[in-house]
Amino acid sequence: MKSSRRGFTLVELLVALGITAVLSAVLLSLVTSTLTLWGRSAVALSMDNQATLILKRLQQDLESAVVRRDIDVTWLEKTEGQRGISVFRMFGELANTSGDDADPATIREVIYRMVGAGESGSLYRTESTAEAALSSGYAPQLQPLQPDDEFLLSEGVRTFGLQFFSDRTTEVVSPSATDWPLMVKINLVLLSPDGVQRLAAVSAGESNESVDQIVVQTSRRFVQWVSLGGYPW
122 MKSSRRGFTL VELLVALGIT AVLSAVLLSL VTSTLTLWGR SAVALSMDNQ
172 ATLILKRLQQ DLESAVVRRD IDVTWLEKTE GQRGISVFRM FGELANTSGD
222 DADPATIREV IYRMVGAGES GSLYRTESTA EAALSSGYAP QLQPLQPDDE
272 FLLSEGVRTF GLQFFSDRTT EVVSPSATDW PLMVKINLVL LSPDGVQRLA
322 AVSAGESNES VDQIVVQTSR RFVQWVSLGG YPW
């Protein structure tokens, strides 16, 4: 009896291999897209968390601000730099965060500092003790130009901006005890780690990418209004 079995022809094998290749390509594309989307989501979540930390800390500090008209002190000061504000100093009535039991929860100086001369920078927050503020007559304390890593808030800051207003439309350019603002507009632009690396490559002359294009692709902007404490008394 003749067997009814028949092997695959060369054409059938080629068709099967073609279908398998197409399915494999589709599957690879789906996996790659999923991993890319997951990676972007993870980066976006990390940037959201950093922004929340910075904005929450700023809000606590600004709402605790203190100022007195009868003492000739610069209670609040900002220095403009390449990436917005380079140094922001203020006095606030804050809880003890130094870890020293002898350091009371009262008026102390707070400093926000941007470090970095390239297309992005690192934002630090430091503070002096209440004893230093009181004993110096609320004079600004010397702080390191490069704070320790424990004071780092973010190392991927494109812009750190603070604008002061007496109302929603009237800006106070130079806040003082006699011209004290009521509100602060925080403008924060963060970069992803990839954005920081690409901008560093441009600054080092290792890449000819457009800075504006990198910023558009890898940054997120956060804006928040905060009430400023310390109405002069």
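Start counting the sequence shown at 122; every next residue gets the next number (the working numbering). A virtual CB, placed ideally from N, CA and C, is assigned to each residue, including glycine. Note that the structure is predicted; figures quoted are calculated from it, not measured.
Exercise. Using 10 angstroms around the beta-carbon of Lys199, count the other beta-carbons present and answer buried if the total reaches 16, otherwise exposed.
Key: buried
Quiz item: Would the beta-carbon of Gly277 fall within 8 Å of that of Leu311?
Solution: yes
Practice problem: Express the C-alpha separation of Ser256 and Ala321 in angstroms, rounding to a whole number. | Solution: 43 Å
Quiz item: Roughly how many whole angstroms lie between the Cα atoms of Ser185 and Phe272?
Solution: 20 Å
Exercise. Return yes when at least one heavy atom of the ligand ATP lies under 7 Å from the C-beta of Val310, else no.
Key: Among the components of this structure there are no ligands whatsoever, and the ligand ATP is therefore not found.
Quiz item: Would DSSP call Asp193 helix, strand or coil?
Solution: coil
Quiz item: Is the segment 284-303 in contact with the segment 175-184, if contact means three or more CB pairs nearer than 8 Å?
Solution: no
Quiz item: Going straight from the alpha carbon of Val337 to that of Ala253, what length do you get?
Solution: 43 Å
Self-check item: Same chain, Cβ closer than 6 Å to Thr280, neighbours up to 5 away in sequence not counted
Solution: Arg204, Gly205, Val310
Quiz item: How about Val305 and Leu349: are their beta carbons less than 8 Å apart?
Solution: yes
Self-check item: Whole-angstrom distance between Gly202 and Gly139, CA atom to CA atom
Solution: 60 Å
Practice problem: Report the partner residues of Gly213 according to the DSSP bridge assignment. | Solution: Ala186, Arg229
Quiz item: On the three-state DSSP scale, how would you describe Gly316?
Solution: helix
Self-check item: Boundaries (first-last residue) of the beta strand (DSSP E) holding Thr247
Solution: 242-248
Exercise. Along the alpha helix (DSSP H) that carries Val344, what are the first and last residues, could you check?
Key: First-last for Val344: 340-348, but that is the beta strand (DSSP E), not the alpha helix (DSSP H).
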